[in-house]
Structure formats: structure tokens, C-alpha cells
Amino acid sequence: MTPIPPLDLPVILLIAAAGFIAGVQNALAGGGSFITFPALLLAGLNPLAANITSTIAMFPSQTTSAVAGRKLVDDVGPLSFRAMFLISLGGGVLGALLLLSTPATFFARIVPWLVLFATSVFAWGTFRRKPLHAAAAMPLPVLVGVQSCIAIYGGYFGGGIGFLMLAALTIAGMQVRAATATKNMLAMAMNAAATLIFAFSNMISWPAAFALSAGGIAGGVCGAWLIHRLPERIMRGFVVLIGALLTVWMFLR
């Protein structure tokens with residue numbers, strides 16, 4: 663595998679700035695990985711190392727968001743929240759192990775398609791008509807299967823999992839507010855499992871991870887202040903634009 667390149671102070675400061683923007687973005691609209699992933703690629707990390715480092719770095723701010731909304735978490739139709747949480751943990755572990763067994767060269771070839779998929783999911787989740795009320799319940803086996811697939815994908819790459827889960831949970835019968843809080847907790851479970859696995863990998867740039875994490879925490883605080891001051895659709899549109907440009911760049915590089 664390609665070794666992790668050393669980073670000088672100006673690059674670390676730029677990575678911290680990217681983490682700050684991603685933290686603001688996550689607080690306002692989601693999609694911070696569309697900022698952190700290309701920033702790490704530009705810093706010289708290969709796609710596999712960039713994905714692993716980004717996952718670890720943004721975990722603290724994800725945890726904060728999940729815990730903040732824990733009182734709104736609820737069961738999902740016939741499936742208890744505890745069961746969904748365990749499914750998410752297990753899927754996150756499987757996805758992370760699958761990623762670590764993927765050669766960096768192969769991951770570099772498939773990552774443009776993953777970014778394209780994640781961008782498409784994000785765009786769909788951004789501009790689709792949001793349900794005002796609960797939809798028809800999803801059968802239990804289908805719900806378990808869908809969440810398992812999302813969890814494995816979340817541990818492997820993770821782009822767009824928030825919108826995938828929000829769509830699945832609302833279709834399963836949850837109100838949008840409870841679905842949002844529940845998907846935050848389930849996403850935290852996936853990332854906690856992946857972070858635990860990735861922490862023992864040699865594909866982490868720890869200076870970049872700490873810089874992203876510090877920037878992400880500061881950005882999350884700033885985003886909480888801005889959440890009632892900036893139009894959400896502008897921020898979501900910005901993420902879709904970044905994702906589209908990143909997709910084109912990844913296919914051409």
C-alpha cells in the first residue's frame with residue numbers, strides 16, 4: 663500500500679479549515695464527507711487512506727449530534743431501536759473489515775462510482791418532497807435487510823447513508839423528526855464500529871485526523887449558531903455541487 667505522506671504545517675492548517683467547513687455543513691445540512699474526503703486527497707493521501715482518516719476524524723462531531731437528539735429516538739415499526747442499533751454495529755464492522763481487505767489500487771478504481779452514488783443519493787434526499795406524516799409500515803424482513811445493507815455500506819464508504827436511512831425510516835412508518843434523530847444514532851453506531859476497526863489500521867494519517875477532528879468540532883459549534891440564519895437548501899446545493907465536481911475529478915484523474 664502507498665505509505666501515508668508526511669504533512670507540513672500549512673497543509674495541516676488547510677485540513678483543519680476543511681474540517682471546520684465540514685463541521686458547519688454537517689450541523690446545517692449533512693454531507694461533510696464531501697468536504698473532508700477531497701481535502702485529504704489533495705493533501706496527498708490515497709483514496710483508501712483518505713476514507714479511513716475522514717471516518718475517524720469526524721466521529722466525535724457525529725457522536726455529539728447523535729447524543730443531542732437521543733430523546734427523540736424511537737422504535738422503527740415492528741423493530742425495536744435496540745435491534746436496529748445492533749444491526750448497525752454489526753454492519754459497520756463488516757463494512758470496515760471489507761474496506762481493510764480491499765487493495766488501495768482497487769478502491770481507487772471504484773471510488774469514483776461510490777462518490778457518484780453518494781452524490782446522487784444526497785441530491786435525491788435534498789430535493790425530493792419530504793413526507794409530512796408517517797408512511798405505510800415496511801415489512802420486518804425488508805426493514806432488517808435494508809438496514810443491514812445500509813450499515814455495511816456505511817462501514818465501507820458512508821457517503822449518503824443519512825439520506826438512505828432517512829428514506830428507509832420514513833417509509834417504515836416513522837415521523838420525520840423521530841426518523842432524523844434515530845438515523846443519527848444509527849449512523850453513530852456504524853461509524854463507532856468502523857472507527858474501532860480502523861483505529862488499528864496503518865492507513866491513517868493521524869496529524870490529518872486530529873486537524874479534521876478539531877476543525878469539525880469548532881465547525882459544529884459554529885453550525886449550531888448558524889442553523890437558524892442560513893437557508894438549508896443553499897448548503898445542500900453546495901454539497902451537491904462539491905460532490906458533482908469531485909465525481910468528475912475522480913473519473914478524470
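The sequence shown begins at 663 in the numbering used here and counts up by one.
We put the CB at the ideal spot given by N, CA and C, even for glycine.
As the structure is a computational prediction, the values presented were derived from the model and not from experiment.
> Which one of Thr698, Leu703 and Ala719 has the shortest CA to CA distance from Ala856?
Replying inline: Translated into the one-based positions of the sequence shown, residue 856 becomes position 194. Ranking the options by Cα distance to Ala856, first place goes to Ala719.
>> What does the alpha-carbon distance come out to for the pair Gln809 and Leu826?
In response: Position 147 of the sequence shown, counted from the start, is the residue given in the question as residue 809. Position 164 of the sequence shown, counted from the start, is the residue given in the question as residue 826. Taking the straight line joining both Cα atoms gives about 9 Å.
>> So, does the stretch 833-853 touch the stretch 730-737, judging by three or more C-beta pairs under 8 Å?
In response: yes
> CA-CA distance, Gly816 and Asn853?
Replying inline: One-based indexing of the sequence shown puts residue 816 at position 154. One-based indexing of the sequence shown puts residue 853 at position 191. Cα-Cα distance, rounded: 7 Å.
> Helix or strand or just coil, what does DSSP make of Val738?
Replying inline: As a working mapping, residue 738 is identified with position 76 in the sequence shown. Looking at Val738 - three-state DSSP - the assignment turns out to be strand.
>> Considering only the alpha carbon of each residue, which of Ala813, Gly885, Ala843 and Ala834 lies closest to Ile749?
In response: Taking the sequence shown and counting its residues from 1, the one referred to as residue 749 is at position 87. Out of Ala813, Gly885, Ala843 and Ala834, Ala813 has the C-alpha closest to the C-alpha of Ile749.
>> Taking a contact to mean a Cβ-Cβ separation below 7 Å, would you say Ile674 touches Ala873 in this structure?
In response: What you label residue 674 is simply residue 12 of the sequence shown in a count that begins at 1. What you label residue 873 is simply residue 211 of the sequence shown in a count that begins at 1. Yes.
>> Spatial neighbours of Leu707 within its chain, please: C-beta separation below 8 Å, excluding the five flanking residues on both sides.
In response: In the sequence shown, the residue the question calls residue 707 occupies position 45. Ile666, Pro667, Thr715, Ser867 and Ala870, listed in sequence order.
> According to DSSP, is Leu748 helix, strand or coil?
Replying inline: For the purposes of this step, residue 748 is identified with residue 86 of the sequence shown, where counting begins at 1. Three-state result, Leu748: helix.
> So, is Asn846 buried or exposed, given that buried needs 16 or more other C-beta atoms within 10 angstroms?
Replying inline: In the sequence shown, the residue the question calls residue 846 occupies position 184. The residue in question, Asn846, is buried, as its Cβ has 16 or more Cβ neighbours within 10 Å.
> Alpha carbon to alpha carbon, how far is Leu802 from Pro740?
Replying inline: Taking the first residue of the sequence shown as position 1, residue 802 is located at position 140. Taking the first residue of the sequence shown as position 1, residue 740 is located at position 78. So the alpha carbons of these two residues sit roughly 6 Å apart.
>> Among the candidates Leu831, Ala770, Phe784 and Leu828, whose CA atom is the shortest distance from the CA of Leu914?
In response: Sequence index remark: in the sequence shown, residue 914 carries index 252 (1-based). Cα-wise, what sits closest to Leu914 is Ala770.
>> Distance check for Met800 and Phe699, CA to CA, integer angstroms please.
In response: As a first step, residue 699 must be located in the sequence shown, where it is residue number 37. As a first step, residue 800 must be located in the sequence shown, where it is residue number 138. Going by the C-alpha atoms only, they are around 34 Å apart.
> When we look at the beta-carbon of Val910 and count the other beta-carbons within 10 Å, is it buried (16 or more) or exposed?
Replying inline: On the sequence shown, residue 910 is found 248 positions in, with the first residue counted as 1. It is exposed - the Cβ of Val910 has fewer than 16 other Cβ atoms within 10 Å.
> What is the DSSP secondary structure of Thr909, counted as helix, strand or coil?
Replying inline: The residue you call residue 909 lines up with position 247 of the sequence shown. Thr909 falls in the helix class under three-state DSSP.
> Helix, strand or coil: which one does DSSP assign to Gly820?
Replying inline: By 1-based counting over the sequence shown, the position of residue 820 is 158. If DSSP states are grouped into helix, strand and coil, Gly820 belongs with coil.
>> Beta-carbon within less than 8 Å of Ala876's beta-carbon, same chain only, minus the 5 sequence neighbours each way: which residues are those?
In response: For the purposes of this step, residue 876 is identified with residue 214 of the sequence shown, where counting begins at 1. Contacts found: Ala678 and Gly681.
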